[in-house]
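S.K.: In my numbering, the protein residues as written are 3 to 296. Virtual Cβ for every residue (Gly too), placed ideally from N, Cα, C. Just so you know, these numbers come straight off a predicted model, no measurement behind them.
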């Protein structure tokens, strides 16, 4: 029986124009080429390159060839601002951001992900908000500052970042929300998303159970973070930023297990990002109509 719909075709599923991409960090200890291969195999919409000690993540020509060969676009660059990447692209933190921006522009990436300064980078931290704003004025690439988390020692909280690990109250035009980090900081991810509003342009989708000082990056749905509800809320708001799967697969026993975990992650994101349009309903007799209509 063909459902009746009074001359209108009901939009049963609404999906926002938000690419779902794979972070190259998600294939560690495999290297960047494996991320492109797996992203192409599984049908991800692109890749986020985590610039790391892996030489292929630092080489513009290698990245361009990988993207062209696998037909997988590079949508974002994660600047080398981890403890382990302090010497990648030099030791000057501003130089790292400039280089990240240049690579993003060359590769057609739309976003550079950056962490707030470490507490011991006092001069960098002192100028961070204003300096980042000046850099943002010079490019169409969006610098998205990521939420981090405090460390805890003997019950006391120790801040590692300046001006703060939490970007909500900082004057950043664009922000990355990482749900593994909200688990560690015991933050309410949905509340943070609401507070950020239109400044939220980038999601690091992962899960966690909130173990003290442990950044877990579990496959979405395997922890206690509101990964599904956040995606559904973003879909309702027609979110057009990036959804990046940044999960930890280093304990996978094989390539097959790693691919399975990343396929599960992609399926989770697509399922929850496809939001049912609640203005329509289907009656027991198969008739489709707007809710509340006579």
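1) Compute the Euclidean distance between the alpha carbons of residue 18 and residue 254, then round it to the nearest angstrom.
2) Quick one: is residue 140 buried, meaning 16 or more other Cβ sit within 10 Å of its Cβ, or exposed?
3) Could you tell me the alpha carbon to alpha carbon distance between residue 296 and residue 52, rounded to whole angstroms?
4) Are the beta-carbon atoms of residue 20 and residue 225 separated by less than 8 angstroms?
5) In its own chain, which residues sit with a C-beta less than 8 angstroms from the C-beta of residue 154, not counting the 5 before and 5 after it?
6) If you count every other CB in all the chains shown that lies within 10 Å of the CB of residue 211, and 16 or more means buried, which is it?
7) Contact defined as beta carbons within less than 8 angstroms: I believe residue 309 pairs with residue 119. What is the distance between those atoms, to the nearest angstrom?
8) Tell whether a beta-carbon distance below 8 angstroms holds between residue 257 and residue 30.
9) For residue 213, name the three-state secondary structure that DSSP assigns.
10) Around the Cβ of residue 167, are there at least 16 other Cβ atoms within 10 angstroms (buried) or fewer (exposed)?
11) Can you tell me whether residue 171 is buried or exposed, with buried defined as 16 or more other CB within 10 angstroms of its CB?
12) Following the continuous beta strand (DSSP E) through residue 159, name the residue where it begins and the one where it ends.
13) Inspect the beta-carbon positions of residue 232 and residue 247 and report whether they are closer than 8 angstroms.
14) Roughly how many angstroms lie between the CA atoms of residue 35 and residue 58, to the nearest whole one?
15) Quick check: the Cα distance between residue 64 and residue 96, rounded to an integer number of angstroms?
16) Let's see if you can read the secondary structure: which residues bound the beta strand (DSSP E) around residue 180?
17) With burial defined as no fewer than 16 other Cβ atoms inside 10 Å of the residue's Cβ, what is the status of residue 196: buried or exposed?
18) Pop quiz: residue 41 and residue 74 are said to be a contact at Cβ under 8 angstroms. What is the actual Cβ separation, rounded to whole angstroms?
19) Would you list the residues sitting across from residue 83 in a DSSP beta bridge?
20) Which same chain residues end up closer than 6 angstroms to residue 174 when comparing Cβ atoms and leaving out the 5 residues on each side of it in sequence?
21) Alpha carbon to alpha carbon, how far is residue 276 from residue 130? Give it in angstroms, no decimals.
22) Have a look at the DSSP bridge pairing and note the partners of residue 145.
23) Which residues does DSSP pair with residue 154 in a beta bridge?
24) Please state if the CB of residue 245 and the CB of residue 192 are separated by a distance shorter than 8 angstroms.
25) Could you say which of 156, 138, 158, 165 lies nearest to residue 150 if we only look at CA atoms?
26) Between residue 105 and residue 79, which are expected to be in contact by the criterion C-beta below 8 angstroms, what is the C-beta distance as a whole number of angstroms?
27) Hey, quick one: how far does the alpha helix (DSSP H) through residue 235 stretch, first residue to last?
28) Is the CB-CB distance between residue 272 and residue 22 below 8 angstroms?
M.R.: Answer, in terms of the structure:
1) Looking at the backbone, the Cα of residue 18 and that of residue 254 are separated by about 32 angstroms.
2) The residue is exposed, with fewer than 16 neighbouring Cβ atoms inside 10 Å.
3) With a pLDDT of only 37 at residue 296, under 50, the local geometry of the prediction cannot be trusted, and the value read off the model is given with reservation. Inter-residue distance for residue 296 and residue 52 is about 54 angstroms (C-alpha atoms, whole angstroms).
4) For residue 20 and residue 225, no; Cβs fall outside 8 angstroms.
5) Once the five neighbours on either side are set aside, the close Cβ partners of residue 154 are 160, 214, 215.
6) When all chains shown are included, residue 211 counts as exposed.
7) The shown model of the chain, from 3 to 296, leaves out residue 309, and the question about it has no answer.
8) It is not a contact, given that the beta carbons lie outside the stated cut-off.
9) Residue 213: coil per DSSP, three-state reduction.
10) Counting Cβ neighbours within 10 Å, residue 167 comes out buried, since at least 16 surround it.
11) With fewer than 16 Cβ atoms within 10 Å of its Cβ, residue 171 is classed as exposed.
12) Taken as a continuous stretch (DSSP letters only), the beta strand (DSSP E) holding residue 159 covers 158-160.
13) Going by C-beta atoms, residue 232 is not nearer than 8 angstroms to residue 247.
14) The alpha-carbon of residue 35 is positioned some 8 angstroms away from that of residue 58.
15) About 24 angstroms.
16) Looking at the DSSP string, the run of the beta strand (DSSP E) that includes residue 180 is 177-180.
17) Classification for residue 196: exposed.
18) Here residue 41 really is in contact with residue 74; their C-beta atoms are around 5 angstroms apart, less than 8 angstroms.
19) Its beta-bridge partners do not exist; DSSP assigns none.
20) So the list reads 147, once near-sequence residues are dropped.
21) Going by the C-alpha atoms only, they are around 37 angstroms apart.
22) Its beta-bridge partners are 114.
23) Note: residue 154 is bridge-paired with 159 in the DSSP secondary-structure output.
24) Cβ distance not < 8 angstroms, so residue 192 and residue 245 don't count as in contact.
25) Nearest of 156, 138, 158, 165 to residue 150, Cα basis: 165.
26) The distance from the Cβ of residue 105 to that of residue 79 is about 6 angstroms, consistent with a contact at the 8 angstroms cut-off.
27) Per DSSP, residue 235 belongs to the alpha helix (DSSP H) from 229-238.
28) In this structure, residue 22 lies closer than 8 angstroms to residue 272 by Cβ.
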